[in-house]
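Chains as they are written, first to last, in the numbering used here: chain A, 1 to 364; chain B, 1001 to 1491; chain C, 2001 to 2183.
Where is the CB? At the ideal position from N, CA and C, for every residue including glycine.
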Amino acid sequence: MSRLTPVSGPHTHAQISIQRIMLTVMLALTPVTCYGIYLYGWPALNLFIITLVSAVIVEALCLYIGKRPMKQGLGDGSGILSAWLVALTLPPWAPWWIAVVASICAILLGKQVFGGLGQNVFNPAMLARVIILISFPVQMTTWVNPQPMFSEQDPGFIAGLNVTFNNETVDWDSISTASPLGYLKTELTLDRNVAAIMTETPDWQSSLMGVTAGSMGETSAVLILLGGILLLMKRIISWHGPVAMLATVTVIAALFHQANPEHYAPAQFHLLNGALMLAAFFIITDPVTSPNTAKGQIVFGIGCGLLMYIIRTWGSYPEAIGFAVLLMNCFTPLIDHYLRPRIYGRNRKGQPLAIQQRDQEEQS
Amino acid sequence: MKFFSFKGGVHPEGNKTPTTSEAIQSFPLPARLYVPLQQHIGAPAKPVVEVGQTVLKGELIAASQGNVSAAVHAPSSGTVIEIAEHQAPHPSGLPVVCIIIETDGRDQWIEHSGETDPWRLSEKLIAQRISDAGIVGLGGATFPSALKFNLGLKQQVKTLVINGAECEPYLTSDDRLMQERTGKLIDGIRIMMLGMSASEAIIAIEDNKPQALKIMSAAAESYPELKVLKVPTRYPMGSEKHLVYTVTGKEIPAGKLAADIGIMVHNVGTAYAVYEAIFEGKPLVSRIVTISGGAVNQPRNLEVPFGTLVSNLIDYCGGLKQTPERLLMGGPLMGLVIPGLDVPIIKGSNGIVALTKDELKVKQQSACIRCSRCVSACPCGLVPLEMAANIKAGNFDRAVEYGVKDCISCGSCAYVCPANIPLVHFFNYAKGELVARQKAKQQQEYTAELAKQRQARMAEVEKQRAAAKAKALAAKKAREAAKQQQEAAQS
Amino acid sequence: MIAAIVSLTILGLSIGFSLGFVAKRFKVEKDPLVDDIEAMLPASNCGQCGYAGCGQAAEAVAKGDAPVTFCPPGGRALAEQLAARLGVDADLSDMEDRGPMLAFVREATCVGCTRCFKACPTDAIVGAPKMIHTVISEACTGCGACVDICPTECLMMEEVPETLSNWRWPKPQPQTQLVSTAA
Chain A
1 MSRLTPVSGP HTHAQISIQR IMLTVMLALT PVTCYGIYLY GWPALNLFII
51 TLVSAVIVEA LCLYIGKRPM KQGLGDGSGI LSAWLVALTL PPWAPWWIAV
101 VASICAILLG KQVFGGLGQN VFNPAMLARV IILISFPVQM TTWVNPQPMF
151 SEQDPGFIAG LNVTFNNETV DWDSISTASP LGYLKTELTL DRNVAAIMTE
201 TPDWQSSLMG VTAGSMGETS AVLILLGGIL LLMKRIISWH GPVAMLATVT
251 VIAALFHQAN PEHYAPAQFH LLNGALMLAA FFIITDPVTS PNTAKGQIVF
301 GIGCGLLMYI IRTWGSYPEA IGFAVLLMNC FTPLIDHYLR PRIYGRNRKG
351 QPLAIQQRDQ EEQS
Chain B
1001 MKFFSFKGGV HPEGNKTPTT SEAIQSFPLP ARLYVPLQQH IGAPAKPVVE
1051 VGQTVLKGEL IAASQGNVSA AVHAPSSGTV IEIAEHQAPH PSGLPVVCII
1101 IETDGRDQWI EHSGETDPWR LSEKLIAQRI SDAGIVGLGG ATFPSALKFN
1151 LGLKQQVKTL VINGAECEPY LTSDDRLMQE RTGKLIDGIR IMMLGMSASE
1201 AIIAIEDNKP QALKIMSAAA ESYPELKVLK VPTRYPMGSE KHLVYTVTGK
1251 EIPAGKLAAD IGIMVHNVGT AYAVYEAIFE GKPLVSRIVT ISGGAVNQPR
1301 NLEVPFGTLV SNLIDYCGGL KQTPERLLMG GPLMGLVIPG LDVPIIKGSN
1351 GIVALTKDEL KVKQQSACIR CSRCVSACPC GLVPLEMAAN IKAGNFDRAV
1401 EYGVKDCISC GSCAYVCPAN IPLVHFFNYA KGELVARQKA KQQQEYTAEL
1451 AKQRQARMAE VEKQRAAAKA KALAAKKARE AAKQQQEAAQ S
Chain C
2001 MIAAIVSLTI LGLSIGFSLG FVAKRFKVEK DPLVDDIEAM LPASNCGQCG
2051 YAGCGQAAEA VAKGDAPVTF CPPGGRALAE QLAARLGVDA DLSDMEDRGP
2101 MLAFVREATC VGCTRCFKAC PTDAIVGAPK MIHTVISEAC TGCGACVDIC
2151 PTECLMMEEV PETLSNWRWP KPQPQTQLVS TAA
């Protein structure tokens, strides 16, 4: 009669794993990434590769120092996914060291110092973005118009390498431009009215297809939506957070635009420009930093949408995705604490349900 | 008939096809039966036979000890060769005391007869017969049924729910019972209703058993008080709490029983055992077991006498194709790992499932990513990810806040966890720890009280001793004073 | 830049000092820690810890003179509870999780001298002169006073045997490999 180490059930499992989840999200991001690389050319590809590679190196180093299993830590794909999202929010023609610093911030500060996968409070990609946005505002707000690959505007592979690695030598004055949101903000401060500004910014068809200045994740809303639908169908994310966020922004933008069309941009401008779509489907649905319940995710989505609009309209930054998400991440534990599911047999307060009088039931 | 939908739950692959069309076969008598004294919740039964005694099939071999206990009867005729410890069908590998019977091959029943007019029996007598027959809940919980009947009477239960859900994958014993022994089962259900003065019985069957539904519906047609309800296939439909909600829309309040809201739930197997006890006078000596799993050559449904070793069953089913990755008693979600093939079948063994590595599908554990699939899957409204994190850190109080005491250990959360975290293991550990702490606290209060009483007693003894000493001293002084006085008076 | 470093350093140091000062000066008196701790102890005053009684030991632990692992009969469970109550981190890794030990009389060698039941602080031993003594397990706290005093050394401390009725699931350990129960 040997004393065994008891093995517990269940002894079967659903066909799901962390790796599968990460890979599906990466698959959903692939269309918009490929399109973004195509639109912005070789420098964008260089930046993307550098971001991913430095993320892997930083993660490996952290796992080695922390004596955590290397294969599992690198193999589950979570670090690569964070880096991928970071790359999608960087200016595509940024220098290589921006990518490296962003990766270090995302992996080291955003994930590993908290204890590794699942322990972080803040979204690593957004944390990285905010850190480098505040630290290197010039490089982070230097946007270019799309220079599609294999077209006349494409600078070519060698020139692309030059952009990435010899960033200072590029003639920024001639090619840099403002992103639509950036343009809106600067023009509004010059007291011009929205209708006029709208004629100078890309129309909604261009914004939908994403042929505008901005980061790779700010391009095609259609492709992001397709990716989001893939995730919904595969049940990787639920619809509550994205719908809440998009609905909030739409409603508030429409309300303000209706109230004062001169001063406030229309709803579709907000929806189709900037990283709102990317945030709704890929950033706020990050499982580690968003609430546990559907109700909680709705509150989270509404909060993010609200903050996005407020910071975009009245804050000093034209694009508010990083700040909005980080601020709402602070509220996630609070949301989780108050919006718990009701336990079977108990009421909302946690007290056992009262037994109804059965005599009354039998009489009626 | 309407049903209600509980939230959460999962849809594991049924895997019932290997055995769903396998009719129940009788199992040929093994050479030895190892009958444990504890096959039920409560106090173990006490042997009433001695080594060397010959027994007949159905003879009482161990008596129930108190209210929460059950009697044990000989599953076949033969000689008691030993009353000793044998490995129990339990993941710990610990032993249980068994009465070991060497069968004589004749399988001779003890004199028995069914009730002549069972429909005229009083509730008390019905409960008595059930208790005498050693019937316990055959769904797996093995709670002594007679006690449940008495409780039902006391609480004036009006609705009897018969659990024909059988939500665990691989298991088909209840399905086959409903299809093959329908008439007797219906009689068993009706006598159970009489036994607790219930006014209606609802037989709940999952919709993945269309044959059973058809046959049972047809049989129940002639009895207006019996209703057959088709419930959706969702694990854990067979859980008492969730079945009650599905059938009646009422939730059992935390800490209370179904009887407190006027409902009693019994498994179909239990109902059949009640039929045999009352209509045929036979005590509970065997049950239907599903032998299945990818590692078994010929999966089957067998009627097995208790005490049969699992090795005998596997051999009868063509042996094992390969060494199973997991050998389970019960289904893959809530079943227990048994330490080997050398363990006996007991009253709660509804299936033996030998899983291959492909069927196991459990991968290596990794970190929780807080994806909350477990929260969506939990049918009890708990937050497994928070509970597990708190238990890991030793914060049992916070785990209780999140509801670990309300956990039914169904395994839905661990089933969907992408990180393969052993959530059920954490919760079982926590529940055991809380029970142990409660016991330790009671023990500590008790001994502290004893210590105080002793100290008080010793102080009292000291006081008395001091008083006696003082008294003796005073008496001595008085005597000396008297003596002095006398001497003074004399002089 | 130098100015920035210097000013921030001065600011940090001064705020830090003022926080420390306020913490000491306006400290809130702690609640009755000693009584709480005493309630957790076995109250058998067995003396194995070296203090005269459980009351004195509780005071020592509350002050921090004794470590949370000081009580042998209390074992690991008590050490954990004390650590939680005191809010300290206790390294209990070298405390074996032995489980409670109970006294047990080996009846073959008992001479009925009655010394043990007189020594037992919770009256857990029953016996009479020249009669074999026995220990009531529910009342035994495992203090060991009887073992020390028994002249024939027939009293032993034994671990409570693990049976199916008191078996519990152990804590899941982080696994490096998938566990297979293939025999």
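Within the stretch 2117-2169 of chain C, the runs of alpha helix (DSSP H) at least 4 residues long that lie entirely inside it are, in chain order, 2145-2149. Only those residues of the stretch 2105-2126 of chain C whose C-beta falls short of 9 Å from the nearest C-beta of chain B are listed: C2120, P2121, T2122, D2123 and A2124.
Chain-ordered, the chain A residues with CB closer than 7 Å to the CB of A1367 (chain B) read G116, L117 and G118. Within 7 Å of the CB of T2163 (chain C), the CB atoms of chain B belong to L1094, in sequence order along the chain. In terms of Cα proximity to G1134 (chain B), the closest of B:A1419, B:P1283 and B:N1150 is B:P1283. If the five residues before and after G2050 (chain C) are omitted, its C-beta is found closer than 6 Å to no C-beta atom of its own chain. Against chain B, the beta carbon of S17 (chain A) has neighbours under 7 Å at K1363 and P1418, listed in chain order.
DSSP places I298 (chain A) in the uninterrupted alpha helix (DSSP H) bounded by A294 to W314.
Comparing C-alpha distances from L1171 (chain B) to each of B:I1099, B:Y1223 and B:G1269 shows the shortest one belongs to B:G1269. Nearest CB-CB separation between A28 (chain A) and chain B: not below the 9 Å threshold.
Sequence-distant Cβ neighbours of Y1245 (chain B) in its own chain, meaning closer than 7 Å and more than five residues away, are F1004, F1006 and E1251. The Cβ of P1018 (chain B) sits no closer than 9 Å to any Cβ of chain A.
A distance of 9 Å or more separates the beta carbons of R2106 (chain C) and C2143 (chain C). The beta-carbon of A1399 (chain B) is placed no less than 9 Å from the nearest beta-carbon of chain C. Among the CB atoms of chain A, none fall inside 9 Å of the CB of D1132 (chain B). With respect to C1380 (chain B), I1408 (chain B) sits close: the two C-beta atoms are nearer than 9 Å. By the neighbour-count criterion, in which a residue is buried when 16 or more other Cβ atoms sit within 10 angstroms of its Cβ, P1344 (chain B) is buried.
With a contact defined as Cβ atoms closer than 8 Å, E1013 (chain B) and P1169 (chain B) qualify at about 6 Å.
Every unbroken stretch of the alpha helix (DSSP H) spanning 4 or more residues and falling wholly within the stretch 86-167 of chain A is given here in chain order: 96-104, 124-135, 137-140 and 157-165. Residues of chain C whose Cβ lies closer than 9 Å to the Cβ of A1436 (chain B) are, in chain order, A2077, N2166 and R2168. Proximity to G1318 (chain B) across B:S1292, B:G1281, B:D1104 and B:F1426 peaks at B:S1292, based on C-alpha coordinates. For Q1087 (chain B), the closest C-alpha among the options B:T1308, B:F1427 and B:A1440 is that of B:T1308. If you compare the alpha carbons of B:T1019, B:Q1108 and B:N1067 with that of S1077 (chain B), the shortest gap goes to B:Q1108. Going by C-alpha positions, A1258 (chain B) is about 10 Å away from Q1155 (chain B). Among the residues of the stretch 2129-2158 of chain C, those with a Cβ less than 9 Å away from any Cβ of chain B are E2138, A2139, C2140 and T2141, in the order of the chain.
Interface annotation, I21 (chain A): in contact with chain B, CB-CB separation under 9 Å.
Scanning B:T1116, B:I1081 and B:S1092 for the CA closest to the CA of I1099 (chain B) turns up B:I1081. Of A:C62, A:V32 and A:G41, the smallest CA-CA separation from L85 (chain A) is found for A:V32. Any Cβ of chain B closer than 9 Å to the Cβ of S8 (chain A) would place that residue at the interface, and such an atom is present. Judged by beta-carbon spacing, L61 (chain A) lies beyond the 9 Å limit of A87 (chain A), meaning their Cβ atoms are not closer than that value.
About 7 Å separates the CB atoms of A221 (chain A) and S207 (chain A); that is less than 8 Å, so the two are in contact. Taking C2113 (chain C) as reference, the option from C:I2132, C:L2102 and C:M2101 with the minimal CA-CA separation is C:I2132.
Between the stretch 1036-1047 of chain B and the stretch 1057-1069 of chain B there are three or more C-beta pairs closer than 8 Å, enough to call the two in contact. At a cut-off of 9 Å between beta carbons, S78 (chain A) contacts chain B. In the structure shown, G1078 (chain B) falls within a strand segment according to DSSP collapsed to helix, strand and coil. Sequence-distant partners of T313 (chain A) (beyond 5 residues in either direction) whose C-beta falls short of 6 Å from its own C-beta are missing from its chain.
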